[in-house]
Amino acid sequence: PPPTPPLHLPRAAPHLFPSNPQQKRKTSTTNAQAAAYNVMVQAHLSEVTAHNKTRTELSDVRNELIVERAAHAATRLERDTVRFEAATAKVKNELAVMKAVYNNESAAAKAARNSEAIAAKFATQLVLVHKDCAALRAENIQLNQMVLELKSERERAALLYHHHLLRKASKCEGVNLTSIAESADFETATLLHNISMIPSKDTVS
779 PPPTPPLHLP RAAPHLFPSN PQQKRKTSTT NAQAAAYNVM VQAHLSEVTA
829 HNKTRTELSD VRNELIVERA AHAATRLERD TVRFEAATAK VKNELAVMKA
879 VYNNESAAAK AARNSEAIAA KFATQLVLVH KDCAALRAEN IQLNQMVLEL
929 KSERERAALL YHHHLLRKAS KCEGVNLTSI AESADFETAT LLHNISMIPS
979 KDTVS
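Numbering follows my numbering, with no gaps: position 97 of the sequence shown is 875.
This is how it looks when you write it as structure tokens:
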């Protein structure tokens with residue numbers, strides 16, 4: 779192995795080891811200043827340590843606040859979610875009620891329209907029935923008039939036939955006028971009976 783190099787120790791600085799009294803006083807002053815400086819440095823280090831500790835504590839507090847805020851936000855979100863679900867259920871119920879009411883109103887309106895259509899159709903049929911009744915009444919009046927005219931004409935024909943028989947009997951000699959009259963009366967009665975069987979105005983409807 780290569781040889782170890784010689785160890786060179788630095789020479790002591792002359793101001794650290796003074797030889798005269800004046801130099802010793804300066805060294806004492808320098809030592810006092812160094813001690814004061816060391817005290818100041820130690821105080822500064824203590825302040826820095828305290829500041830770092832405070833920063834650490836503040837950081838911990840901040841982290842705790844963040845965690846607490848997150849928990850509070852989660853709780854509020856859960857509460858809002860429950861409230862939103864309740865509001866949604868309420869809206870759904872209201873929509874169901876409105877739908878049921880609309881369906882009922884639609885059914886009622888449909889029934890009303892059907893009733894109106896049926897009533898209109900019935901009114902039309904009723905008008906037609908009234909017209910038919912009026913026509914039937916007019917026809918009944920005409921029929922009664924015709925029956926009356928036919929009855930009058932048959933009565934007149936019966937009377938004319940009766941007088942014809944009487945005139946014919948008066949021209950014949952040796953004929954029993956009483957029997958002929960009775961026979962004429964019988965025929966007249968028969969004709970009148972047949973005429974009476976014709977329905978009168980009161981019986982025709």
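Each residue gets a CB set at the ideal place from its N, CA and C atoms; glycine is no exception.
In this text, all values refer to a predicted model and were calculated from it rather than measured experimentally.
Rounded to whole angstroms, Asn-882 and Ala-874 show a C-alpha spacing of 12 Å. Cα atoms of Ala-895 and Gln-923: separation of roughly 42 Å, rounded to the nearest angstrom. Straight through space, the alpha carbons of Leu-928 and Leu-937 are spaced by roughly 14 Å. Looking at the backbone, the Cα of Val-869 and that of Tyr-880 are separated by about 16 Å. Rounded to whole angstroms, the gap between the alpha carbons of Asp-838 and His-850 is 18 Å. A direct Cα-Cα distance of roughly 57 Å separates Leu-926 from Ala-887.
A straight-line Cα-Cα distance of about 52 Å links Val-826 and Phe-862.
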